[in-house]
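Just so we're aligned, residue 91 is where the sequence shown starts under the working numbering, counting upward by one.
All C-beta atoms in this analysis are idealised placements derived from N, C-alpha and C, irrespective of residue type, glycine included.
These numbers come from a predicted model, not from an experiment.
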Amino acid sequence: DKAPLLRIKAAFCATAIAEYFRDQGKDVLFMMDSVTRLAMAQRELGLAVGEPPTTRGYTPSVFALLPRLMERTGTSGKGTITALYTVLVEGDDMNDPIADTARSILDGHIVLSRKLSFEGHYPAIDVLQSVSRLMPEITEKRHQQFAQRLREVLAVYREAEDLVNIGAYERGSNPRIDYALSMIDKVKAFLRQSIEEHFSFEETLGALGALFEEA
Numbered sequence: 091d092k093a094p095l096l097r098i099k100a101a102f103c104a105t106a107i108a109e110y111f112r113d114q115g116k117d118v119l120f121m122m123d124s125v126t127r128l129a130m131a132q133r134e135l136g137l138a139v140g141e142p143p144t145t146r147g148y149t150p151s152v153f154a155l156l157p158r159l160m161e162r163t164g165t166s167g168k169g170t171i172t173a174l175y176t177v178l179v180e181g182d183d184m185n186d187p188i189a190d191t192a193r194s195i196l197d198g199h200i201v202l203s204r205k206l207s208f209e210g211h212y213p214a215i216d217v218l219q220s221v222s223r224l225m226p227e228i229t230e231k232r233h234q235q236f237a238q239r240l241r242e243v244l245a246v247y248r249e250a251e252d253l254v255n256i257g258a259y260e261r262g263s264n265p266r267i268d269y270a271l272s273m274i275d276k277v278k279a280f281l282r283q284s285i286e287e288h289f290s291f292e293e294t295l296g297a298l299g300a301l302f303e304e305a
């Protein structure tokens, strides 16, 4: 309910505070909710000064503003800023221009799925649409191999899910689909976690490895 100029200023002010602590040698966790509301504020300003609405009604200055803000986070010679930004999309449209722009700037993205939420699957993370560009740089080869196998199970199952649900698939017809069907319940159980459950990184990696070492 604030003026658009104040909403934009709040985002830059919060980023400046994070930069201050990074310059003090701190490792900062910066969270901002949400990039979409920032973009809407800039759109209001742009329209007010006569900018033409272009992509989905957003003005050109919106797409100049986002990288100017987001690229200020990251590492420096003294400290780091790990930034988490939320992006709201209309109707689960992952081609939304703000989501597209954020993906092009950031090192990774976690996509939440309305469908998984309706199924009671929490956290409702769509693993196949979520990406970490840094994973190859910060994880061991074994970890990457297990993660890829999990993604393959999900991808094959998603492709065959409709056929399986209507009874049109016969087991034995395709070894990859058969394997995915044998693993999907275990994979879904691994991806679920209640609010009360807590696991360390090592415990999670061990559970991921056990999932496929047993298969």
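Original post:
Just curious, the beta strand (DSSP E) that V118 is in, first and last residue?
Top reply: D117 to M122
Original post:
Which word fits M273, buried or exposed, when buried means at least 16 other C-beta atoms lie within 10 angstroms of its C-beta?
Top reply: So M273 ends up on the buried side.
Subject >> Residues bridged to L171 (per DSSP) >> reply: Here residue 171 is Ile; the residue named in the question, Leu, does not match the sequence. Answer by DSSP bridge pairing, in chain order: V118 and G164.
Subject >> Nearest neighbour of D197, chosen from G169, P226 and P213 [CA to CA] >> reply: Nearest in C-alpha terms to D197, of all of G169, P226 and P213, is P226.
**OP:** Can you check DSSP and say which residues form a bridge with G215?
**Re:** Checking the sequence shown, residue 215 turns out to be Ile, not Gly. L202.
Original post:
How about G169 and G210: do their beta carbons lie closer than 8 Å?
Top reply: Cβ distance not < 8 Å, so G169 and G210 don't count as in contact.
**OP:** Would you kindly work out how many angstroms separate the C-alpha atoms of A108 and A237, rounded to a whole number?
**Re:** One Cα belongs to A108, the other to A237, and the distance between them is close to 32 Å.
**OP:** Please report the Cβ distance between F280 and R239, rounded to the nearest whole angstrom; I am assuming they are in contact, meaning their Cβ atoms lie under 8 Å.
**Re:** Contact doesn't hold; Cβ gap of about 12 Å is too wide.
Subject >> DSSP beta-bridge partners of V246 >> reply: Per DSSP, none; premise fails for V246.
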